[in-house]
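Residue numbers (the working numbering), protein chains in the order written: chain L, 8 to 504; chain Z, -12 to 208. The beta carbon of each residue, even a glycine, is placed where N, CA and C say it ideally should be.
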Amino acid sequence: MYIFKNALKNITRSKGRNILIGAVIVIISATSCIALAIRSSAGEIVSSYEDSFEITASLSVDREALRDLMMSQSEGSRGSMRDLMAEIESPGMAEIEKYGDSEYVDHYTCTLSIGMDSSGLEPLTNDDPENADQTESGAGQGMPGGGSGLPIERGDFTVIAYSSLQAMDRFISGDNTITSGSMFGENETQPVCVISDELAAYNDLTVGDTILMNKPGDEENSYTLAIAGIYKDTSVDDSAMNWFSNSANQIITAFPAVQEIAGTDAQISATFYLNNINDLQSLETEMKNKGLNEYYILTTNDSALEQTLRPLENLNDFAGIFLLIVLIIGGAILMILTMINTRERKYEIGVLRAIGMKKGKLAAQFVAELLIVSFISLLIGASVGALASVPTAQALLQNEIESIQNERSSIEENFGMAPGAGGGRFGGGQGGGREIMGGMFEPNANVDHISRINAVINFRVMLQLLLIGLGVTLCATMVSVVLISRYEPLRILSGRS
Amino acid sequence: MSSTQSILSIEKVSFAYDKHKMILKEIDLSFEKGKTYSVMGRSGAGKTTLLSLISGLETVREGKILYNGQNISAIDRETYRSRNIGVVFQNFNLLFHLTALENVVLSMDISDLPLNAKQKKEKAYALLEKVGLDKEKADRRVLKLSGGEQQRVAIARAVSYDPDIVIADEPTGNLDQSTEKEIMDLLTSLAAKENKCVIIVTHSPTVADRTDIIYEIASSL
Ligand SMILES: Nc1ncnc2c1ncn2[C@@H]1O[C@H](COP(=O)(O)OP(=O)(O)OP(=O)(O)O)[C@@H](O)[C@H]1O
Ligand SMILES: [Mg+2]
Chain L
8 MYIFKNALKN
18 ITRSKGRNIL
28 IGAVIVIISA
38 TSCIALAIRS
48 SAGEIVSSYE
58 DSFEITASLS
68 VDREALRDLM
78 MSQSEGSRGS
88 MRDLMAEIES
98 PGMAEIEKYG
108 DSEYVDHYTC
118 TLSIGMDSSG
128 LEPLTNDDPE
138 NADQTESGAG
148 QGMPGGGSGL
158 PIERGDFTVI
168 AYSSLQAMDR
178 FISGDNTITS
188 GSMFGENETQ
198 PVCVISDELA
208 AYNDLTVGDT
218 ILMNKPGDEE
228 NSYTLAIAGI
238 YKDTSVDDSA
248 MNWFSNSANQ
258 IITAFPAVQE
268 IAGTDAQISA
278 TFYLNNINDL
288 QSLETEMKNK
298 GLNEYYILTT
308 NDSALEQTLR
318 PLENLNDFAG
328 IFLLIVLIIG
338 GAILMILTMI
348 NTRERKYEIG
358 VLRAIGMKKG
368 KLAAQFVAEL
378 LIVSFISLLI
388 GASVGALASV
398 PTAQALLQNE
408 IESIQNERSS
418 IEENFGMAPG
428 AGGGRFGGGQ
438 GGGREIMGGM
448 FEPNANVDHI
458 SRINAVINFR
468 VMLQLLLIGL
478 GVTLCATMVS
488 VVLISRYEPL
498 RILSGRS
Chain Z
-12 MSSTQSILSI
-2 EKVSFAYDKH
8 KMILKEIDLS
18 FEKGKTYSVM
28 GRSGAGKTTL
38 LSLISGLETV
48 REGKILYNGQ
58 NISAIDRETY
68 RSRNIGVVFQ
78 NFNLLFHLTA
88 LENVVLSMDI
98 SDLPLNAKQK
108 KEKAYALLEK
118 VGLDKEKADR
128 RVLKLSGGEQ
138 QRVAIARAVS
148 YDPDIVIADE
158 PTGNLDQSTE
168 KEIMDLLTSL
178 AAKENKCVII
188 VTHSPTVADR
198 TDIIYEIASS
208 L
């Protein structure tokens, strides 16, 4: 007990020295606090973004492997890529269901599509060669991960069905909106359809009208679809008004209808929503074990996730390194100060030992002194850090957010999209993940950031700070303890006389 | 309750700081409670060294020192120093930044004297009063006390935890005649009234004359 009392007395007695030690600890703890806060907030944003980011995976033919296969074949027997692809059995509905039933898959959606002609319906065509090209090759556009590798069966129209409303990402993103009538329900069994306003206008169709579809080259069998709704593609630039959108000739219908019409002829495209980004490889292996052709690969949108998170993770790493440097330098300074302090008090140590104070108690007193000083300094440092970390973290994050935005614009530019034309446009193709990010990082969402960053000095940060403070202090006290245990009282005292 | 059995005995103790220069050679001495002893010898004869051995600050390597029949090499020497033996060092070894009172109380703290803080303080004031330091001086920092006053503080500290043995290394070295007498009165009364074994290292024959037994340390030079 007297040890603690003496420790307190000694602290107040040698104010200058303890203020110096305290100042070092205040600096260490304040900077550590900021670094920890940044790590915490960056980590929070990363994990919340990762949680909200839907990791989707889709199946496609591994063209590279196929090319290798082709090259490995002898010159004479070498078939064309197209032939090879045709040989590869694409997974049917039953397979997709089997693959989707996995612990790694949260849920999955499918798109069925088939090219069709119509006797009474005029397709929209663009005279512009560039656009026309797009329309043809992009028959399957809008299907996530479209292109199973099969040669596309041509037809004037693409009849397409989604396994669920969730799969209609263009409607979810708002690129497409129903302007008249409504979208049919998920469990629609009737042969109904939704068409674009362009097609409707061109053929003078309204909700309630019916259209007649047939497979290309098979005019005998025709199918009647009732128009339940008409949608507008809002993503079409006004400047491109003259041109029809890619999806103008797309007729959206219900799943059972396409299954009935197309049977096994339909192109199936499945999107698997993964629980965890790290499960991709496991899922692919599992699918192969379930019978997926070896030339199929599972690809994911995780590169977008990585690109988005990279700046934040950089900030996280930077804060970590900064923390480490502060701790090493601060710890070293503290150890030197403690060493000087202990050496200066050599005489006191000698006297106390000479009058019978045990090494352990003496060391405990020195440790107590430093612990008291560091605890007080830690509180001050944490308060300073807490105050400073909000603007600091905010400024740094703002920087990162800007760099994210720049990066996003440049990605959009890569896709030939106007920067800032709307994350939604890009998001449409990315399974909606970008949408969340769009909302999170757009400048007008700053309020959201502030509240996030305010929350960074949480219990965990305080605990970490306490542990760091304790660790650094204990390192410094070790110097004291070692010195005290090595001092021989008689040597010290006779040296004085 | 005077005891004739020796509280402290030194048996065939030899000591050298380095091998070539023996300081103490086969010393045999015996000390009893209730008596005063003076240890004399030339400067550099090894008197202080002997006291260091007795107080356990220096380790006995040849021969043995018994406290109450126990070899001090075998007991915890910190406890021994903080409870059984009180040392008035030649250079006092006080904590200068503390007051006289704090120095005395600290010693009581270290010896785990079964008194509360208030009692310790009262006892310390009484002790300092006894060695001639009033309350004002008791509350003064040791740094601001004269050499003679510091010496008194050292004595008060040495007896503060009621040790059986009090050893004093030239306690009257820097004092005038009348103060020397006062200090000697104090030390002899410790033996006479409190049955302590008092060992005084001195060069002064007048001091030695006032002790019961005089030991002479022969210079090995
Ligand atoms: N730590 C030490 N290392 C080496 N030699 C020492 C040490 N301490 C003392 N000596 C030597 O041992 C001898 C005895 O010293 P000591 O202090 O015991 O003498 P002393 O009898 O007390 O003398 P004085 O009357 O001057 O106080 C001296 O020659 C001294 O130089
Ligand atoms: Mg001496």
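Sequence-distant partners of F11 of chain L (beyond 5 residues in either direction) whose C-beta falls short of 7 Å from its own C-beta, in its chain, are A375.
Between A395 of chain L and M469 of chain L, the C-beta gap is not smaller than 8 Å, which leaves the two residues out of contact. Nearest CB-CB separation between H84 of chain Z and chain L: below the 8 Å threshold.
The beta carbon of Q77 of chain Z sits closer than 7 Å to at least one heavy atom of ligand 2.
Exposure of M78 of chain L is indicated by the presence of fewer than 16 other C-beta atoms within 10 angstroms of its C-beta. Taking the Cα of D204 of chain L as reference, the smallest distance to any Cα among L:I234, L:P318 and L:T306 is reached at L:I234.
Beyond the five residues adjoining it in sequence on each side, L403 of chain L comes within less than 7 Å, by CB distance, of I45 and L322 in the same chain, given in chain order. By the rule that beta-carbons nearer than 8 Å mark a contact, N80 of chain Z touches chain L.
Counted as a single uninterrupted DSSP element, the stretch harbouring Q106 of chain Z is not any beta strand (DSSP E) but the alpha helix (DSSP H) occupying residues A104 to K117. F18 of chain Z is bridged by DSSP to Z:L(-5). Short note on A205 of chain Z: C-beta not closer than 7 Å to any heavy atom of ligand 1.
The region 161 to 169 of chain L and the region 115 to 127 of chain L touch, with no fewer than 3 CB-CB distances between them shorter than 8 Å. In chain Z, no part has a C-beta under 9 Å from the C-beta of E376 of chain L; the shortest such distance is about 14 Å. Only exposed fits E96 of chain L, as fewer than 16 other CB atoms lie within 10 angstroms of its CB. In the three-state reduction of the DSSP assignment, G188 of chain L falls in the strand class, which pools E and B.
One thing to note: L44 of chain Z has its Cβ within 8 Å of the Cβ of P496 of chain L. In this structure, DSSP gives K105 of chain L a helical state, which the three-state scheme calls helix. For a cut-off of 8 Å, the C-beta gap from S384 of chain L to I32 of chain L is around 4 Å, short enough to register as a contact.
Under the criterion of beta carbons closer than 8 Å, L172 of chain L and E195 of chain L do not qualify as touching, at roughly 11 Å.
Per DSSP, the unbroken alpha helix (DSSP H) holding I179 of chain L starts and ends at D176 to I179.
Between the region 320 to 334 of chain L and the region 43 to 57 of chain L, the count of Cβ pairs shorter than 8 Å is three or higher; the stretches touch.
Comparing C-alpha distances from H190 of chain Z to each of Z:P158, Z:L130 and Z:L173 shows the shortest one belongs to Z:P158.
The contact set of E355 of chain L on chain Z, defined by CB atoms closer than 7 Å, consists of L82 in chain order.
Distances from the CB of T35 of chain Z to the heavy atoms of ligand 2 include at least one below 7 Å. Legend: CB atoms of the region 337 to 363 of chain L lying less than 7 Å from CB atoms of chain Z belong to residues E355, V358, A361, I362 and G363. Taking the Cα positions, A269 of chain L is about 24 Å away from Y238 of chain L. At a cut-off of 4 residues, the continuous stretches assigned as alpha helix (DSSP H) that sit fully inside the region 280 to 316 of chain L are 287 to 296. At a cut-off of 8 Å between beta carbons, K22 of chain L makes no contact with chain Z. The DSSP-derived three-state label of A235 of chain L is strand. About 26 Å separates the CB atoms of I204 of chain Z and L81 of chain Z; that is not less than 8 Å, and the two are not in contact.
Contact of D96 of chain Z with chain L by beta-carbon distance below 8 Å involves Y9 and N13. Neighbourhood of L500 of chain L in chain Z, by CB distance below 9 Å: L44, F76, N78 and N80, in chain order. Here E123 of chain Z carries a helix assignment [DSSP, helix/strand/coil]. In the pairwise beta carbon analysis, the region 105 to 113 of chain L is classified as touching the region 294 to 306 of chain L: at least three pairs are separated by under 8 Å. Scanning its chain for C-beta atoms nearer than 8 Å, with the 5 sequence neighbours on each side dropped, one finds around I18 of chain L the residues N25, E376, I379 and V380, in chain order.
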